[in-house]
Amino acid sequence: QVQVVESGGGSVQPGGSLRLSCAASGNIFRNYVMGWYRQALGQQRELVATINSGGITNYVDSVEGRFTISRDNAKNTVYLQMNSLKPEDTAVYYCNYRTFVQNVWGQGTQVTVSS
Numbered sequence: 031q032v033q034v035v036e037s038g039g040g041s042v043q044p045g046g047s048l049r050l051s052c053a054a055s056g057n058i059f060r061n062y063v064m065g066w067y068r069q070a071l072g073q074q075r076e077l078v079a080t081i082n083s084g085g086i087t088n089y090v091d092s093v094e095g096r097f098t099i100s101r102d103n104a105k106n107t108v109y110l111q112m113n114s115l116k117p118e119d120t121a122v123y124y125c126n127y128r129t130f131v132q133n134v135w136g137q138g139t140q141v142t143v144s145s
């Protein structure tokens with residue numbers, strides 16, 4: 031079984047930065063997609079960014095140019111660097127690990143952007 035654990039959430043003022051980390055452990059497949067999703071209060075969970083085994087990335091339009099997803103394959107860890115944060119980025123951020131047979135979610139980490 032694979033487990034993912036997020037870290038790095040917190041509170042920041044508008045315009046600030048945060049870096050989220052997600053470490054996967056267990057029976058890691060060679061080919062997988064890892065990504066970040068978020069869920070604001072009263073809203074549905076939405077995709078933020080993903081990165082596959084080949085390093086190809088995908089972002090939701092609202093974070094393009096502000097957020098950067100990256101991965102360290104040796105550590106099975108994915109990072110989300112979030113810059114120029116806005117109040118509308120406030121949400122619980124969830125890490126996801128996905129293969130053709132597994133779909134694993136982390137517990138989530140709160141990100142709050144407020145003045």
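Add 30 to a position in the sequence shown, counting from 1, and you land on the number used in the working numbering. Beta carbons are placed, not taken as given, at the ideal position from N, Cα and C, and that holds for glycine.
Contact check between the region 52-59 and the region 67-75: fewer than three CB pairs, one atom from each, fall below 8 angstroms, which does not count as touching. Around the C-beta of Glu36, 16 or more other C-beta atoms lie within 10 Å, and the residue is accordingly described as buried. For Leu50, the enclosing beta strand (DSSP E) has its first and last residue at Leu48 to Gly56. Ranked by Cα distance from Tyr127, the first of Gln111, Thr120, Asn106 and Gln69 is Asn106. Around the CB of Asp91, fewer than 16 other CB atoms lie within 10 Å, so the residue is classed as exposed. Here the alpha carbons of Gln137 and Gln33 stand approximately 10 angstroms from one another.
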